[in-house]
Each structure stands twice: as C-alpha cells, then as structure tokens.
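Colleague: Numbering (the numbering used here), first residue to last: -3 to 289. For every residue, glycine included, the Cβ atom is placed at its ideal position computed from N, Cα and C.
(1) Thinking residue 146 and residue 152 are a contact (beta carbons under 8 Å), I'd like their distance in whole angstroms, please.
(2) Please report how far the alpha carbon of residue 80 lies from the alpha carbon of residue 53, in whole angstroms.
(3) Run the CB neighbour count on residue 243, radius 10 Å, all protein chains shown included, and call it buried at 16 or more, exposed below.
(4) Within the continuous alpha helix (DSSP H) that includes residue 294, where are the two ends?
(5) Report the CB separation of residue 166 from residue 89 in whole angstroms; it is logged as a contact under 8 Å.
(6) By DSSP, does residue 37 sit in helix, in strand, or in coil?
(7) For residue 184, I'd like the list of residues in its chain whose CB is within less than 6 Å of its CB, leaving aside the five on either flank, ordered along the chain.
(8) Fully enclosed by the region 238 to 267, which alpha helix (DSSP H) runs are 4 residues long or longer?
(9) Report the residue from 177, 47, 142 and 123 whose alpha carbon sits nearest the alpha carbon of residue 233.
(10) On a Cα-Cα basis, can you pick out the residue from 273, 272, 260 and 276 that is closest to residue 59?
(11) Would you say residue 131 and residue 140 are within 8 Å of each other, going by their C-beta atoms?
(12) Determine, using beta carbons only, whether residue 62 and residue 247 come nearer to each other than 8 Å.
(13) Do residue 111 and residue 164 have their C-beta atoms within less than 8 Å of each other?
(14) Going along the chain, which residues of its own chain have a beta-carbon closer than 8 Å to the beta-carbon of residue 188, five neighbours each way excluded?
(15) Return the CA-CA distance between residue -3 and residue 20, expressed in angstroms with no decimal places.
(16) Would you kindly report the start and end of the unbroken alpha helix (DSSP H) that includes residue 55?
(17) List the residues that DSSP assigns as beta-bridge partners of residue 49.
(18) Helix, strand or coil: how does DSSP classify residue 107 here?
(19) If you count every other CB in all the chains shown that lies within 10 Å of the CB of residue 265, and 16 or more means buried, which is it?
(20) I need the DSSP call for residue 271, collapsed to helix, strand or coil.
(21) Going straight from the alpha carbon of residue 40 to that of residue 258, what length do you get?
(22) Exposed or buried, which one is residue 10 when buried takes at least 16 other CB atoms within 10 Å?
(23) Could you check if residue 65 is buried or exposed, using at least 16 other CB atoms within 10 Å of its CB as the buried criterion?
(24) Return the Cβ separation of residue 116 and residue 245 in integer angstroms, given the expectation that the two are a contact with Cβ distance under 8 Å.
(25) Can you tell me whether residue 95 is helix, strand or coil according to DSSP?
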C-alpha cells in the first residue's frame, strides 16, 4: 500500500513539473493552430468582431489565384535549386574539411562563421555587394556582366537570393556531414582500397550509404528553409522586381497584415504546412529504407 502511494506521489510530482510547460505550449502553440484552422473556413479580416462561415471557399480560391500560384512556382524552383547547391557543396566541403590538412581548425572556424550571422544581416551585406560593390568592380575591370545589379532583373533576382542563402546555409549541413563521416568504418574503406576499388567506388558504395541518414536530415531542413524563405527576400528584393521573388511566406504576410485578408492567408499557410510535412515524411521514409546497419 505504501509503495502504491509513493508511486502515485511521484507521478503527481512529475505531473506538477510538466503541467506549466504543457499549459504554455498548449496556449501558445496548439490553441493558435486550432483557431487558425477554424478561421480558415471564415471570411474574418483579423480585426472585425463579425465574420461569416464560408466553408472551403478560401481553399477553392487558391486554385485560381494567379498570385498564389506564382509564389508556389517560385518556392518550388527556389527550394529545388537550394537543395542541390547546399547538399552538393556541403558534401564536398565536409569531406575536404574532414581531412588532416594544415590549418584544418582555422578553415573549419572560417567556414562556419556565416552561420553565426543573423539572416537579416547577411541579406543587408549582400544587398550592398550586389548594388554597389560588384557594379563598381565590373566598371573598373570592364566586365559588363558585373556592371548590372543582379537583383534588378526578374530573371536573375532569384539567383542573387540563392547565392546569399547558400553562402550562409551551407555551414551547418557541412558540420553534419563531417559528423556523419566519423561513423564510416575506416576498416571497410581500407579493405575496399586493397581490393582495387577506386576513390569514387569507395565513396559510392561505402561512404555514401553511411551518410544517408545525415543527408536525409539535411534534405528536410533545407527543404523547409527553401519553402519558408522570407528574411533574405525581405532584405534583398522585398518580393520584386514585379513580384518575381514573392515567396509564399512573403505573400502570407502581405495578405494577412497589409491587405487584411487574414482568413485567406491562414488557409494558404495551412496548405503550405501540410505540403511541407507530407514531403518531409515521404523523404524520411524513403531514406530510412536505405539505412546501413
């Protein structure tokens, strides 16, 4: 009997410690999500006390909204390019920085430095580079390509944002790759080399399979960053020129807080969140099938 009372007392103590955090999480996270789902079926503008239930009208409207579809195309294109650039660059840099070379610690610290800078600061720095530094260098060197601001053209602005994002966003994936390389048994690589395997074959059949869980994590993180990019666009192009770089998150903010289409913006946010979660789950499930044990 005493044991049972003591056990129940421990459970009560644990519950008392967890309850405040759980209550705050429910109030500030779960409740807003549930309210957002509810308001997405209304025509609420975010301020008015009165609103009307309109069912799936907001979701149907998205299918024919040219502005929303343009933002989706931008995000898909941007996320695809970001994934390719960051995954390949982090693989190359991770393997290079994992070698025993002179000044390895210095290069590791220097390469990770962009990660400690805020996104807004990085965007402002590159805004000055694209707008003033590169054009002046282009004029001095007689290189016409550098003489133009890459952010001023609807066709090239996305690449200016991408370069900024890759410069800062590759640091953490590179560290993850270096950590993943520590799990690759050296005995397997040495045995393969003795059997006549080329460096590419060692990477393809030994190193890469061990890195798949890490690459899967990087893919999910980069995909999320690509589909939710906002800070770089805010500081570099503000969605321009002519709306060419208006992302989904930029569109949500403008429609929700500037154009007072609050419920419509919520429905777009919910749709985007569901798509991101679904793609991430599929990516993780696919990669888990190829794990090395």
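Modeller: On the basis of the supplied data:
(1) 5 Å
(2) 36 Å
(3) buried
(4) The question about residue 294 has no answer here: the residues shown for the chain are numbered -3 through 289.
(5) The C-beta separation of residue 166 from residue 89 comes to about 7 Å, placing the pair in contact by the 8 Å criterion.
(6) coil
(7) Only 202 meet the Cβ criterion.
(8) List check, alpha helix (DSSP H) in window: 244 to 249.
(9) 123
(10) 260
(11) no
(12) no
(13) yes
(14) 197, 198, 201 and 202
(15) At residue -3, the pLDDT of 49 sits below 50, so the modelled position is not reliable; the number obtained from the coordinates is stated separately. Taking the straight line from one Cα to the other gives about 35 Å.
(16) 53 to 59
(17) 38
(18) If DSSP states are grouped into helix, strand and coil, residue 107 belongs with the helices.
(19) buried
(20) helix
(21) 6 Å
(22) Exposed, since its Cβ has fewer than 16 Cβ neighbours within 10 Å.
(23) exposed
(24) Not quite, the Cβ-Cβ distance comes to about 14 Å (not below 8 Å), so this is no contact.
(25) coil
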